[in-house]
Amino acid sequence: MPKSYQVSTKLVRENPRESGTGHSTESENVEEYLETIYRITEKGGRPTTTAIAGELGVSAPSVSEMLRKLDNKGYLRYEPYGGAVLTAKGKAIGKTVLRKHRLMERFLIAIGISKNKVHNEACRLEHTVSKDLENAIKREIGERRVNRKGMVSLADMKPGQKGEVVSIDSGQQAKRRLEDMGLTPGAEISVSRTAPLGGPVEIRVRGSSLAIGRGMAQKIYLKVDG
Amino acid sequence: MTKIRTKKTDSANRRASYFAGCEKPGVFSGSAKSGGPGGPGEAGTSIKLRFALAGNANVGKSVIFNYLTKLHQHIGNWPGKTVERAEGTFHFKGYEIDVIDLPGIYSISTYSIEEVVTREYIAKEKPDVLINVVDASVLERNLFLTLQLMEFEIPMVVVLNQTDMAEKKGIFIDYEELTKALGIPVIPAVAVRGTGIYEAVEETIKVCLNKTKPVKIVYGKEIENSIGKIEKMVKKDASLKGLPARWKAIKLLEEDAEVAASMDKETVAAARKISKNIETIHDHSCPTAMACEKYAAVGNIARRVQKATIVDSPVSSRFADLLLHRIWGYPIMAGIIALVFISLFSFGNFLSGLMEGYLLYFVNAFRSIAGSGVVASTLTGFMEGMVAAVTVVVPYILPFYLILGLLEDSGYLARMAFLMDSAMHKIGLHGKAFIPMIMGFGCNVPACLGCRVMETKRERMLAIFVTSMIPCAAVTAVVLGLVAKYVSLWWAIGLYAIDLLIIFALGKIAFRVLPGESVGLIMEIPDMRVPQFRTTVREAWYKMKDFVFVAFPIIIASAVVINLMKTLGMLAPLSGALYPVTVLWLGLPSVAGIAFVFGIIRKELTLIMLASLFGTAKLAAVMTPVQMLVFTLVTMLYIPCAATIAALVKETGWKKAGFITVFKIFFAILVGGIFMRILLIFR
Numbered sequence: 001m002p003k004s005y006q007v008s009t010k011l012v013r014e015n016p017r018e019s020g021t022g023h024s025t026e027s028e029n030v031e032e033y034l035e036t037i038y039r040i041t042e043k044g045g046r047p048t049t050t051a052i053a054g055e056l057g058v059s060a061p062s063v064s065e066m067l068r069k070l071d072n073k074g075y076l077r078y079e080p081y082g083g084a085v086l087t088a089k090g091k092a093i094g095k096t097v098l099r100k101h102r103l104m105e106r107f108l109i110a111i112g113i114s115k116n117k118v119h120n121e122a123c124r125l126e127h128t129v130s131k132d133l134e135n136a137i138k139r140e141i142g143e144r145r146v147n148r149k150g151m152v153s154l155a156d157m158k159p160g161q162k163g164e165v166v167s168i169d170s171g172q173q174a175k176r177r178l179e180d181m182g183l184t185p186g187a188e189i190s191v192s193r194t195a196p197l198g199g200p201v202e203i204r205v206r207g208s209s210l211a212i213g214r215g216m217a218q219k220i221y222l223k224v225d226g
Numbered sequence: 001m002t003k004i005r006t007k008k009t010d011s012a013n014r015r016a017s018y019f020a021g022c023e024k025p026g027v028f029s030g031s032a033k034s035g036g037p038g039g040p041g042e043a044g045t046s047i048k049l050r051f052a053l054a055g056n057a058n059v060g061k062s063v064i065f066n067y068l069t070k071l072h073q074h075i076g077n078w079p080g081k082t083v084e085r086a087e088g089t090f091h092f093k094g095y096e097i098d099v100i101d102l103p104g105i106y107s108i109s110t111y112s113i114e115e116v117v118t119r120e121y122i123a124k125e126k127p128d129v130l131i132n133v134v135d136a137s138v139l140e141r142n143l144f145l146t147l148q149l150m151e152f153e154i155p156m157v158v159v160l161n162q163t164d165m166a167e168k169k170g171i172f173i174d175y176e177e178l179t180k181a182l183g184i185p186v187i188p189a190v191a192v193r194g195t196g197i198y199e200a201v202e203e204t205i206k207v208c209l210n211k212t213k214p215v216k217i218v219y220g221k222e223i224e225n226s227i228g229k230i231e232k233m234v235k236k237d238a239s240l241k242g243l244p245a246r247w248k249a250i251k252l253l254e255e256d257a258e259v260a261a262s263m264d265k266e267t268v269a270a271a272r273k274i275s276k277n278i279e280t281i282h283d284h285s286c287p288t289a290m291a292c293e294k295y296a297a298v299g300n301i302a303r304r305v306q307k308a309t310i311v312d313s314p315v316s317s318r319f320a321d322l323l324l325h326r327i328w329g330y331p332i333m334a335g336i337i338a339l340v341f342i343s344l345f346s347f348g349n350f351l352s353g354l355m356e357g358y359l360l361y362f363v364n365a366f367r368s369i370a371g372s373g374v375v376a377s378t379l380t381g382f383m384e385g386m387v388a389a390v391t392v393v394v395p396y397i398l399p400f401y402l403i404l405g406l407l408e409d410s411g412y413l414a415r416m417a418f419l420m421d422s423a424m425h426k427i428g429l430h431g432k433a434f435i436p437m438i439m440g441f442g443c444n445v446p447a448c449l450g451c452r453v454m455e456t457k458r459e460r461m462l463a464i465f466v467t468s469m470i471p472c473a474a475v476t477a478v479v480l481g482l483v484a485k486y487v488s489l490w491w492a493i494g495l496y497a498i499d500l501l502i503i504f505a506l507g508k509i510a511f512r513v514l515p516g517e518s519v520g521l522i523m524e525i526p527d528m529r530v531p532q533f534r535t536t537v538r539e540a541w542y543k544m545k546d547f548v549f550v551a552f553p554i555i556i557a558s559a560v561v562i563n564l565m566k567t568l569g570m571l572a573p574l575s576g577a578l579y580p581v582t583v584l585w586l587g588l589p590s591v592a593g594i595a596f597v598f599g600i601i602r603k604e605l606t607l608i609m610l611a612s613l614f615g616t617a618k619l620a621a622v623m624t625p626v627q628m629l630v631f632t633l634v635t636m637l638y639i640p641c642a643a644t645i646a647a648l649v650k651e652t653g654w655k656k657a658g659f660i661t662v663f664k665i666f667f668a669i670l671v672g673g674i675f676m677r678i679l680l681i682f683r
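Chains as they are written, first to last, in the numbering used here: chain A, 1 to 226; chain B, 1 to 683.
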């Protein structure tokens with residue numbers, strides 16, 4: 001089982017042209033499901049049939065059929081009425097596809113695609129991006145962030161630097177929490193200190209001191225003054 | 001009745017005179033003398049009111065709560081949830097007032113269990129009035145919650161607390177202006193000194209009787225339009241009764257999952273369409289736009305009422321900087337932890353030894369009188385269990401809670417979390433989990449209960465799994481009493497290292513296996529301050545009561561069971577049954593099995609039982625160094641003690657607690673056997 005999986009995704013990922021169209025649609029479908037389940041779980045929800053059906057815009061019966069299929073292939077464990085739990089294998093794919101999805105979204109926004117179209121476009125593109133293309137895009141929009149738009153991530157800021165929050169790129173829950181604590185777009189912050197060895201960043205925002213883990217800080221983008 | 005009334009007047013007088021002593025003249029002019037309601041005395045029965053204290057974490061809610069209720073309070077859990085629920089009653093001018101101390105939160109969303117609990121309480125149990133405690137030195141951020149509380153449209157007052165600290169920082173707040181802005185009374189207070197609380201209660205009762213509701217905060221035009229439209233639809237929707245339509249409309253715009261789930265699908269879909277519109281105008285997701293609007297509104301208010309002057313950073317803040325220093329922060333932390341543990345252990349050992357000596361004397365005297373029947377041995381078991389429980393709680397747990405409370409109140413625990421965040425990420429947890437882990441070295445029970453600081457279920461579970469394996473004080477007693485004494489100090493340290501390595505590895509595996517994403521650290525760093533001794537003592541006392549309820553029954557029950565087994569002659573067959581494991585696989589003497597069984601009550605009983613089963617305290621004569629090392633390692637790993645199991649059940653449910661327990665038994669046996677074979681090779 002694992003072998004056949006590796007072959008098929010490899011084909012789709014690295015060399016989309018070489019895989020037959022029919023084949024690739026099926027693995028795209030698999031990827032789409034795994035991504036959706038991964039995303040629901042990441043948000044802290046339970047990937048029930050209904051939840052997945054809602055996210056994908058398909059009927060619940062066809063979701064449960066697909067889940068059974070995925071269970072057979074060892075991507076997840078599916079209990080009718082209970083929902084799906086990804087196996088390590090399924091999780092790895094879901095995570096990769098979601099990462100590509102987010103990257104594509106950022107890329108599309110950066111090249112000026114309107115916000116409400118971005119999600120659907122990214123859904124199509126995420127299955128065909130190769131590792132090389134992914135890295136190239138990362139480099140490209142990474143540079144854009146720093147040089148062209150003058151945005152930096154909080155993790156790259158030095159103690160004493162001040163900035164204005166532009167966007168938060170994390171999961172919904174963390175984003176909501178950060179906003180509740182005062183990190184809304186436009187909020188002024190200053191970095192008080194950073195802990196060594198990839199430790200958290202301490203900032204001052206709206207009169208309070210907040211510690212933010214480095215991983216989270218990487219997802220907070222700011223316009224730096226001066 | 002008269003009797004009660006006199007008591008009330010007395011306490012009122014006492015408070016009044018107390019205030020007269022420490023009030024700054026002029027500041028509160030009028031409010032204390034305004035009389036307030038005359039009291040409902042005529043009817044002859046006292047009127048009951050219900051107050052709920054709400055606010056951010058660390059604003060002094062609990063201080064006010066303790067001040068009001070004194071000892072008439074109880075702390076339990078919210079039904080089905082592991083969030084503390086503190087309730088109490090006090091009498092004031094003929095009113096009987098129930099107060100509830102809601103958990104500290106930053107918003108009324110559903111990020112943490114605390115927020116869910118607060119929201120459910122306000123929506124379902126409808127307190128007569130909300131007392132929103134606000135930290136004067138972080139006004140803007142605090143008002144963000146105030147705004148959301150106001151949206152419940154129930155009577156409310158704001159207690160502007162810690163005004164002294166704010167003034168020290170150069171922040172002055174015009175509370176009369178704030179009263180005008182919010183439409184509800186704002187009472188300045190310094191709760192730790194008791195200042196302002198009397199006035200706050202008077203005002204709160206007035207608000208309660210007049211049903212003064214807060215003003216409506218008006219947002220931007222397009223947001224107000226959208227709220228208005230959704231409000232109309234929501235009014236037709238019968239779901240979520242008892243909550244104001246405006247609140248529901250706002251929550252729909254914030255895309256609140258729970259509110260959306262309990263409303264009609266059409267309403268939600270229509271609201272979504274409207275929120276899409278906001279998204280195009282604001283160029284942010286609608287929840288983000290709403291948060292921006294709220295912060296814009298509170299920012300305006302804050303600017304209007306607050307006068308901030310820049311003051312030189314005081315010495316205390318430079319000291320606080322040192323505690324978080326990139327380099328010095330770590331040795332200071334290590335020093336503080338070492339100091340805490342050395343003093344706790346030496347004090348605990350001394351006291352526990354003293355108490356045990358006296359208490360066991362009584363137990364033994366009882367045993368010699370009562371003989372060895374079934375009833376007698378049940379009773380002795382009961383007494384032994386009591387002794388075991390009491391000699392943990394008084395010498396170890398209570399001082400431990402006290403010191404931790406002082407560290408927490410001073411603001412240092414948050415700093416420890418900050419320093420340790422990157423290290424904790426190695427096992428998938430964030431900095432806050434370091435605190436329960438440290439607690440685990442004292443006792444695993446409070447450590448497991450302390451894992452509640454973790455926000456999501458997954459992280460709680462992970463943190464509990466890891467902390468329940470930390471070698472506690474009892475395990476340390478075995479390591480010191482057996483390995484350090486008879487083998488070598490280096491081996492004792494080595495065993496600790498092996499144990500920590502195993503915990504690290506298991507934590508990492510659990511991190512991989514448990515579904516869900518790791519959430520990073522988002523934590524407020526409070527200012528360093530001198531801890532409030534009175535509040536800390538009270539908190540420690542209640543936490544200890546919590547411990548007693550969790551741990552005592554099971555420690556005593558297991559002591560009774562094991563004593564009965566002894567009387568009924570079941571121990572010898574038991575050690576026979578364990579023979580393949582203890583002797584063949586682990587290479588230990590066969591009595592070790594019985595020692596392990598006793599260790600379930602309390603881990604250091606393994607050592608005590610070993611001595612009593614061998615009939616000698618000179619264990620070097622009966623055990624080889626390898627046996628001692630294996631015995632100790634298995635003791636470290638093999639099972640959480642009875643009290644910890646109880647705590648696990650309480651926090652995670654039977655299934656997961658059972659799994660952890662069984663897993664650890666098998667795991668310890670496996671590791672012990674392998675360890676023994678490795679030792680034999682290198683001997």
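Beta carbons are placed, not taken as given, at the ideal position from N, Cα and C, and that holds for glycine.
A quick note: this is a predicted structure, and the numbers were derived from the prediction, not measured.
Item	Value
Alpha carbon to alpha carbon, what distance is there between V133 (chain B) and P188 (chain B)?	10 angstroms
Closer than 9 angstroms, Cβ to Cβ, to anything on chain B: give me those residues from the stretch 193–214 of chain A, in chain order.	R193, T194, A195, P196, L197, G198, G199, P200, E202, V205, R206, G207, S208, S209, L210, A211, I212, G213, R214
Strictly below 8 angstroms CB to CB, what residues from chain A border V363 (chain B)?	Here the premise fails: no neighbours, minimum Cβ distance about 50 angstroms.
Note the first and the last residue of the continuous beta strand (DSSP E) segment covering N161 (chain B).	156–161
Do the CB positions of C391 (chain B) and S352 (chain B) come within less than 8 angstroms of each other?	The amino acid occupying residue 391 (chain B) in the given sequence is Thr; Cys does not appear at that position. Against a cut-off of 8 angstroms, the Cβ pair of S352 (chain B) and T391 (chain B) comes out as a contact.
Which one of B:V138, B:G104, B:G194, B:E120 has the shortest CA to CA distance from Q532 (chain B)?	B:G194
State whether the stretch 368–376 of chain B contacts the stretch 555–574 of chain B, with contact taken as three or more CB pairs (one from each stretch) at a distance under 8 angstroms.	yes
Would you report the Cα separation of P471 (chain B) and E202 (chain B), rounded to the nearest angstrom?	51 angstroms
Between which two residues does the alpha helix (DSSP H) containing D98 (chain B) stretch?	No alpha helix (DSSP H) holds D98 (chain B); the beta strand (DSSP E) holding it covers 95–101.
Okay, do the stretch 276–286 of chain B and the stretch 147–162 of chain B touch, 3+ Cβ pairs below 8 angstroms being the bar?	no
Mind checking R318 (chain B): buried by the 16 CB within 10 Å criterion, or exposed?	exposed
Are the CB atoms of G405 (chain B) and T536 (chain B) nearer to each other than 8 angstroms?	yes
Beta-carbon within less than 6 angstroms of R677 (chain B)'s beta-carbon, same chain only, minus the 5 sequence neighbours each way: which residues are those?	none
Just to confirm the assignment, what range does the alpha helix (DSSP H) spanning S346 (chain B) have?	329–370
Just the chain B side, please: which residues come within less than 7 angstroms of E179 (chain A) by C-beta, in chain order?	T288, A291
Counting only the same chain and skipping the five closest in sequence on each side, list residues whose C-beta sits under 8 angstroms from that of V129 (chain B).	L49, R50, F51, A52, I154, P155, M156, V157, T204, V207, C208
Can you confirm whether T193 (chain B), when its beta carbon is compared against all beta carbons of chain A, has any partner nearer than 8 angstroms?	What sits at residue 193 (chain B) in the sequence shown is Arg, not Thr. For R193 (chain B), the answer is no, since every Cβ of chain A falls outside 8 angstroms of its Cβ.
Below 9 angstroms on C-beta distance, what does Y295 (chain B) contact in chain A?	E179, G182, T184, G186, A187, R206
Can you check whether the C-beta of Q161 (chain A) is within less than 8 angstroms of a C-beta belonging to chain B?	no
Would you mind reading off the limits of the alpha helix (DSSP H) that contains T118 (chain B)?	113–120
Short check: CB of I64 (chain B) to CB of G385 (chain B), under 8 angstroms?	no
When the Cα of P103 (chain B) is compared with those of B:E114, B:E96, B:S109, B:Y95, which residue comes out closest?	B:E114
If you draw a straight line from the C-alpha of S130 (chain A) to the C-alpha of T25 (chain A), how long is it?	16 angstroms
Taking Cβ positions, are L578 (chain B) and G599 (chain B) nearer each other than 8 angstroms?	no
Work out the CA separation of V479 (chain B) and A492 (chain B) for me, nearest whole Å.	6 angstroms
I need the DSSP call for S192 (chain A), collapsed to helix, strand or coil.	strand
Starting from the Cα of Y330 (chain B), find the closest Cα among B:V453, B:G381, B:A423, B:K265 and give me that residue.	B:A423
Distance, Cα to Cα, G39 (chain B) vs F172 (chain B)?	Annotation note: pLDDT 45 at G39 (chain B) (below 50); position unreliable, coordinate value reported separately. Each residue's alpha carbon lies about 34 angstroms from the other.
Suppose you measure from the CA of L586 (chain B) to the CA of K138 (chain A); what does that come to, to the nearest Å?	54 angstroms
Which residues mark the beginning and the end of the alpha helix (DSSP H) in which H119 (chain A) is found?	115–125
In the DSSP assignment, what residue or residues form a beta bridge with P188 (chain B)?	B:L160
By the DSSP assignment, the alpha helix (DSSP H) with N277 (chain B) in it spans what residues?	265–282
Any idea what DSSP makes of D237 (chain B), helix, strand or coil?	coil
Mapping the DSSP letters down to three states, classify D132 (chain A) as helix, strand or coil.	helix
State the DSSP-derived secondary structure class of H91 (chain B), mapped to helix, strand or coil.	strand
Give the residues of chain B in contact with R77 (chain A), contact being defined as C-beta atoms less than 9 angstroms apart.	Those within 9 angstroms of R77 (chain A) in chain B number zero; the least Cβ separation is about 10 angstroms.
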